[in-house]
Amino acid sequence: MRYAQGEVYSLPLPHSVDHVEALGKHALVVGSDGKDLHFTSVRLARLPVTVDLYTQKNSAQGETRSHGFFYQPESEFDGLLGLPIIGGGDAAADQLRRESAGVLFLRNHALSLGDLGRLDARPAGKERNDGCRASCVDWYGNSRPLFLRGRIFALMGYEIVEGKLDQQRIVETRRIDFSPAPLLINR
Numbered sequence: 020m021r022y023a024q025g026e027v028y029s030l031p032l033p034h035s036v037d038h039v040e041a042l043g044k045h046a047l048v049v050g051s052d053g054k055d056l057h058f059t060s061v062r063l064a065r066l067p068v069t070v071d072l073y074t075q076k077n078s079a080q081g082e083t084r085s086h087g088f089f090y091q092p093e094s095e096f097d098g099l100l101g102l103p104i105i106g107g108g109d110a111a112a113d114q115l116r117r118e119s120a121g122v123l124f125l126r127n128h129a130l131s132l133g134d135l136g137r138l139d140a141r142p143a144g145k146e147r148n149d150g151c152r153a154s155c156v157d158w159y160g161n162s163r164p165l166f167l168r169g170r171i172f173a174l175m176g177y178e179i180v181e182g183k184l185d186q187q188r189i190v191e192t193r194r195i196d197f198s199p200a201p202l203l204i205n206r
């Protein structure tokens, strides 16, 4: 079907549409209702239809300026997805000034979404500014899931946390803080 000549369909959703992501051959709609973060899977067939709704209570997206969402397909119908999140009581603009609270991981099984848990950040206690030597929130955001050669990571500010799937949960296996020593300027 040519996109310019195809029919337009409207799908009712119980939340806003912040972005639409590819979920294999289908789609995922991510949005908020002002309190909770919602993930709606959509089967893209001749007549598109919503399939499942996963709700992360009292949460919001932790990264909206760049590609914080990643999907790792495992087969034609299954895969893992990750998205940085913050607490729902935090203003959406907070993600522009601080690190995400964690990266949420969900399993997609034939468009049914299941919670795998999250890898959480450990805040340093005070805001770090290294002059963009090791990290620069202002350029590309500061949090994202990474899927690399069968391994699962969460990049959150100056931390990289590795996790692994244990049964149907993600568990932390190790973490590293790569923040540089404070920058001293002599005048």
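Just add 19 to wherever you are in the sequence shown, counting from 1, and you've got my numbering.
Even for Gly, the Cβ is constructed at its ideal location relative to N, Cα and C.
Within 7 Å, strictly: CB atoms of residue i and residue j
i           : j           : result
residue 162 : residue 103 : yes
residue 123 : residue 189 : no
residue 89  : residue 101 : yes
residue 130 : residue 71  : yes
residue 181 : residue 196 : no
residue 60  : residue 132 : yes
residue 121 : residue 137 : yes
residue 39  : residue 48  : yes
residue 65  : residue 45  : no
8 Å contact criterion, which residue i and residue j should meet: CB distance rounded
i          : j           : result
residue 51 : residue 35  : 6 Å
residue 55 : residue 74  : 5 Å
residue 43 : residue 98  : 6 Å
residue 80 : residue 139 : Going by Cβ atoms, the distance from residue 80 to residue 139 rounds to 16 Å, so no, they are not a contact pair.
Range covered by the beta strand (DSSP E) that runs through residue i
i           : result
residue 183 : 178-185
residue 132 : 131-139
residue 77  : It is not in any beta strand (DSSP E) - residue 77 carries neither H nor E in the DSSP assignment.
residue 164 : 162-167
residue 171 : 170-175
residue 203 : Careful: residue 203 lies outside any beta strand (DSSP E) and carries neither H nor E.
residue 99  : 97-106
residue 32  : Note, residue 32: premise wrong, no beta strand (DSSP E); not H, not E.
residue 128 : 121-128
residue 51  : 45-51
residue 196 : 188-196
residue 89  : 89-92
Bridge partners - residue i, DSSP secondary structure assignment
i          : result
residue 69 : 61
residue 38 : 49
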